[in-house]
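Residue 323 in UniProt numbering sits at position 323 of the sequence shown, and the numbers go up by one each step. Don't be surprised by glycine CBs; every beta carbon is placed ideally from N, CA and C. None of these values were measured; they are calculated from a predicted model. Here the structure is laid out as structure tokens; the discussion comes afterwards.
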Amino acid sequence: MSSISNTKVPLFGPAKQSVEHKKNNEFGPLTSDEYLFQVRSRNGEPLRDPVLDAPPYYVVVITYLNYLILIILGHIHDYLGMTFQKEKHQELLEKDGLAPWFSKFESFYVRRLKLRIDDCFSRPTTGVPGRFITCIDRISHDLNSYYTHPGTTTMCLNLSSYNYLGFAQSEGKCTDNAVASVDKYGLTAGGPRAQAGTSDLHLETEKLVARFVGKEDAMVFSMGYSTNANFFNSILDSKCLVISDELNHTSIRTGVRLSGTAVKAFKHNDMEALEKLIKEQIVQGQPKTHRPWKKILICVEGLFSMEGTMCNLPKLIELKKKYKCYLFVDEAHSIGAIGPQGRGVCDYFGISPSEVDIMMGTFTKSFGAAGGYIAADKKVIDKLRLDLTIPNYGESVPAPILAQTSASLRIITGELNPGEGLERLQRIAFNSRYLRLALQRLGFIVYGIADSPVVPMLLYAPSKMPAFSRMMLQRKIAVVVVAYPATPLIESRVRFCVSAALTKEDIDYLLRHVNEVGEKLFLKVSTGKAGGSLDGKPPRWDIEEVIRRTPSDCKDDKYFLI
């Protein structure tokens, strides 16, 4: 990693790796009770319609010009390369009657656009992804086609991991339980759940999950993605309909496609569009026959990981009851991180979990483990245990993962280390609100709701995405940048993942560097008018004033459009 000399902000790193410092490097100490915030239940109150700020037109024009220039240069490069350097493009050309491995058109974006900034993605790391994360340095001399590793590492402040409650630790109650489970159960169950792969630890964890989310029963899986990818096939067929939010995760899309069911998408979080679509589908029925649909399942996420927005659960339940539909909520990012007790969107809105038919979640984010779960009525879970392919053919969840999950659940509920779980919930709530409001006051365009631990900050031009990522890495801050196709073409962004492991001083450090980099890259494009919806002026607060006033202001909902 190259050093920098053009920053006015002092750099800091983790403390020396003594036992005590190691603990603090994984989970920062709370420096003041002022840096805690207790989330309040909305008591069934629905969310307002989202109000998003929009950049000036020149930013949009420059972004499109960026892509146009890259595409033109890429096609010129392709033409010259395939004409004069065929040996370097064999995978794209027909040879001896064999079709090329890749389509020129379909692989163009990856070859000519993504490869230029590939060093910003999939950075290798080592060690615990806690408060700090260790990035393995790498160098490329051929535009990121190949990398060499000089053997050095860089310890960075971690704003890139889904470590919401800070349970990614190498010591503590969770780790002790995981290590002890290896002595008792070994590393693997040695078979699928339907055969000899179910232990008492599986049953205990499923009871804990069901009790935590407020459902009758639950079933755990070894992988979050495969939970969604395999679930829908067991309850849906071609005579059923899925109505899906347009920004749902690809695992939901994969599962719905594999089930063979019909699917319709509605505009993100637009309840009027959803109701209109439900009415149309009830009237039209199945294609060709026009018979009524056997089942209509509405699929949403509790917290959308690219937008930082939350599903409007009260309105969804109102529509579900009105039109006799089922409701599926993916709580991969919201469970543990959202709500007064960390129990997800039902907890946040003050709604009984019995109102949601099927709840899915993962253990990867808030619980510092791996895998996923489905929670529902016992009859539904019993059917899944018979019909799903995973219990019959997939490997069951290893014992250390179950031990980590159950210990973190017990800490959140207060059964283990009373008070620790509440502090973690209050820390992530404060950190999320503080970072979001501070970025907005500095003049950046930020998406999402106040209490979301995912804080997307818009970068727009594709050239600014690698510049921001590299400049932050030079400042010893690890961030995730996201671009098309994971986002709309012109809405490239950095996604800050907030954690309870971060201290208020860590966020101050982040803000000072983001402020400096933002000025260098002209990222402060907020109009203050929220796309014309409000009368306002561009917020351009001084960084020291932001750090002085925002910690107290962020606790007041009047500063957020929620």
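Just how far apart, CA to CA, sit residue i and residue j?
| i | j | result |
| --- | --- | --- |
| C346 | H141 | 51 angstroms |
| S533 | W541 | Confidence at S533 is low in this model, with a pLDDT of 46, below 50, so its placement is unreliable and no value can be given for it. |
| L510 | I547 | 11 angstroms |
| E355 | R424 | 28 angstroms |
| P539 | A54 | 13 angstroms |
| K267 | E280 | 15 angstroms |
| G443 | F231 | 43 angstroms |
| A224 | G197 | Position check: residue 224 holds Gly in this sequence, whereas Ala was assumed. C-alpha separation (whole angstroms): 18 angstroms. |
| V481 | I449 | 20 angstroms |
| L523 | R40 | 33 angstroms |
| V498 | R436 | 10 angstroms |
| F121 | G166 | 23 angstroms |
| R433 | V380 | 37 angstroms |
| G531 | Y447 | Its pLDDT being 47, under 50, G531 is placed unreliably in this model, and the value from its coordinates should be taken loosely. C-alpha separation (whole angstroms): 12 angstroms. |
| A500 | N144 | 34 angstroms |
| I338 | E395 | 30 angstroms |
| W293 | R253 | 20 angstroms |
| E318 | I72 | 50 angstroms |
| S259 | D237 | 6 angstroms |
| R291 | E275 | 20 angstroms |
| L208 | R111 | 47 angstroms |
| T153 | Q440 | 33 angstroms |
| D330 | D245 | 11 angstroms |
| R470 | T487 | 20 angstroms |
| Q286 | K239 | 7 angstroms |
| S408 | H333 | 16 angstroms |
| V256 | V242 | 8 angstroms |
| L65 | L113 | 14 angstroms |
| L388 | F221 | 11 angstroms |
| P29 | S170 | 16 angstroms |
| L11 | N43 | 44 angstroms |
| D557 | D451 | 10 angstroms |
| M219 | E206 | 6 angstroms |
| F496 | K320 | 33 angstroms |
| L416 | Y185 | 22 angstroms |
| L159 | V494 | 10 angstroms |
My assumption, with CB atoms under 8 angstroms, is that residue i sits in contact with residue j. Please give the rounded CB distance.
| i | j | result |
| --- | --- | --- |
| T227 | I374 | 6 angstroms |
| G74 | F108 | 6 angstroms |
| N269 | N312 | 6 angstroms |
| G371 | V397 | 5 angstroms |
| C174 | A478 | No, C174 and A478 are not in contact; Cβ-Cβ is about 23 angstroms, not under 8 angstroms. |
| P453 | Y164 | 5 angstroms |
| L327 | I351 | With a Cβ gap of about 11 angstroms, L327 and I351 do not count as contacting. |
| R343 | V213 | 6 angstroms |
| S366 | G336 | 3 angstroms |
| A189 | S199 | 6 angstroms |
In the DSSP assignment, find the beta strand (DSSP E) that holds residue i and state where it starts and stops.
| i | result |
| --- | --- |
| N158 | T153 to N158 |
| D217 | D217 to F221 |
| C497 | S492 to C497 |
| T362 | I358 to T362 |
| I132 | According to the sequence as given, residue 132 is Phe; it is not Ile. From DSSP, the beta strand (DSSP E) with F132 extends over F132 to I136. |
| F328 | Y326 to D330 |
| V481 | V480 to V482 |
| I335 | Unbroken run through I335: none, as it is neither H nor E. |
Within the continuous alpha helix (DSSP H) that includes residue i, where are the two ends?
| i | result |
| --- | --- |
| residue 600 | Here the chain has residues from 1 to 562 only, and residue 600 is not among them. |
| V179 | K173 to Y185 |
| M413 | The sequence shown places Thr at residue 413, rather than the Met named in the question. Residues A399 to T413. |
| P456 | Counting along the chain, P456 falls outside any alpha helix (DSSP H), though it belongs to the beta strand (DSSP E) covering V454 to Y460. |
| S432 | E420 to L442 |
| G214 | Note, G214: premise wrong, no alpha helix (DSSP H); not H, not E. |
If distances are taken between C-alpha atoms only, which option among the options comes closest to residue i?
| i | options | result |
| --- | --- | --- |
| C325 | I401, G361 and L277 | L277 |
| S406 | F27, V110, L203 and A194 | L203 |
| A403 | K239, I449 and V182 | V182 |
| K520 | K464, F102 and L36 | K464 |
| G361 | K321, S251 and E246 | S251 |
| residue 611 | I543, E505 and P150 | Since the first and last residues shown for the chain are 1 and 562, residue 611 lies out of range. |
| G528 | D387, P56 and F221 | P56 |
| D78 | P100, K104 and A483 | K104 |
| E26 | R512, G172, P391 and Q195 | G172 |
| K22 | T309, K264 and T134 | T134 |
| residue 563 | G419, F37, G44 and V60 | Nothing can be reported for residue 563, as the shown portion of the chain is limited to 1 through 562. |
| R427 | K322, E516 and P551 | P551 |
| F430 | I358, A229, F37 and L80 | F37 |
| D357 | I401, P485, L386 and D217 | D217 |
Comparing the C-beta of residue i with each C-beta of chain B, is any distance below 8 angstroms?
| i | result |
| --- | --- |
| V525 | The structure shown contains no chain B; it holds only a single protein chain. |
For this session: Pick out the complete beta strand (DSSP E) segments inside the region 252-318, 3 residues or longer, and give them in chain order.
Result: If we require 3 residues or more, the beta strand (DSSP E) runs fully inside the region 252-318 come out as 262-266 and 296-301.
For this session: Note down, one range per segment and in chain order, each beta strand (DSSP E) of at least 3 residues found wholly within the region 83-112.
Result: Listed in chain order, there is nothing to give.
For this session: Could you name each continuous alpha helix (DSSP H) segment of 4 residues or more that falls completely within the region 8-70, going from the start of the chain to the end?
Result: The region 8-70 contains these whole alpha helix (DSSP H) runs: 19-26.
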